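**Student:** Residue numbers (the numbering used here): 1 to 133. Please read through the structure below; I'll follow up with questions.
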Amino acid sequence: MNNLKAVVKKGLINASLLALTVAAGLTIGSYAPQAKQFYNDIGQSDVNLAVSQKHESKVVLFGRDSCPYCAEGKKLLKKHGIKYLYLDVENNAEAKAEFETLKEDGVPVLIVGDERLRGFSEEEWQSMLVPNS
1 MNNLKAVVKK GLINASLLAL TVAAGLTIGS YAPQAKQFYN DIGQSDVNLA VSQKHESKVV
61 LFGRDSCPYC AEGKKLLKKH GIKYLYLDVE NNAEAKAEFE TLKEDGVPVL IVGDERLRGF
121 SEEEWQSMLV PNS
């Protein structure tokens, strides 16, 4: 009888963990359609500015923690004291969904106001970010 109780208890615990995992996945996944709809409503030509305005940050950097070019970009922003919002498309489902609306192939992607830079080039980033550089 004790063995039966243990088996039932273990089964209930596993079922509960499965239900929590499914609920968490559904919650995270629910952000993706909202982000896509937000950008579809305004049209692709205004996406860069919309990203900046949505996050109330003039400078937004989409990247991955494992990306060396993203790290170089973050260093450059810090070096010049530029405040920015970093969106990790590898570990954040909402950031990934938002990044997909940009229709970019890779990171880093830097958005400054209504302008966008793909990849990392110190010269290009500086000319966009630092006046008279």
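Built from N, CA and C at the ideal position, the CB exists for glycine as well. This structure is a prediction, so every number in the text was calculated from the model and none was measured.
Smallest Cα separation from Glu90: which of His80, Lys83, Gly106?
**Tutor:** Closest option to Glu90, Cα to Cα, is Gly106.
**Student:** Between Arg64 and chain B, is there a C-beta pair that is closer than 7 Å?
**Tutor:** The question asks about chain B, but that chain is absent: this structure has only one protein chain.
**Student:** Considering only DSSP beta bridges, list what Leu61 is partnered with.
**Tutor:** According to DSSP, Leu61 bridges with Tyr86, Leu110.
**Student:** How long is the line joining the alpha carbons of Val130 and Pro68, rounded to whole angstroms?
**Tutor:** Roughly 22 Å between the two C-alpha positions.
**Student:** I think Leu87 touches Glu98, with their Cβ atoms under 8 Å apart; what is that distance to the nearest whole Å?
**Tutor:** The Cβ separation is near 7 Å, so the contact holds.
**Student:** Between Glu123 and Leu77, what straight-line distance do the alpha-carbon atoms span, to the nearest angstrom?
**Tutor:** Approximately 13 Å, taken between the alpha carbons.
**Student:** If I measure Cβ to Cβ from Met128 and keep anything under 7 Å in the same chain, skipping five residues before and after, which residues do I get?
**Tutor:** Closer than 7 Å at Cβ, skipping near neighbours: Val112, Glu115, Leu117.
**Student:** Suppose you measure from the CA of Lys83 to the CA of Gly119; what does that come to, to the nearest Å?
**Tutor:** Using only the alpha carbons, I get a separation of about 19 Å.
**Student:** CB-CB under 8 Å to Gly73, same chain, minus the five flanking residues each way: which ones, in chain order?
**Tutor:** Counting only Cβ-Cβ distances below 8 Å, and skipping sequence neighbours, we find Leu61, Gly63, Pro108, Leu110, Phe120, Trp125.
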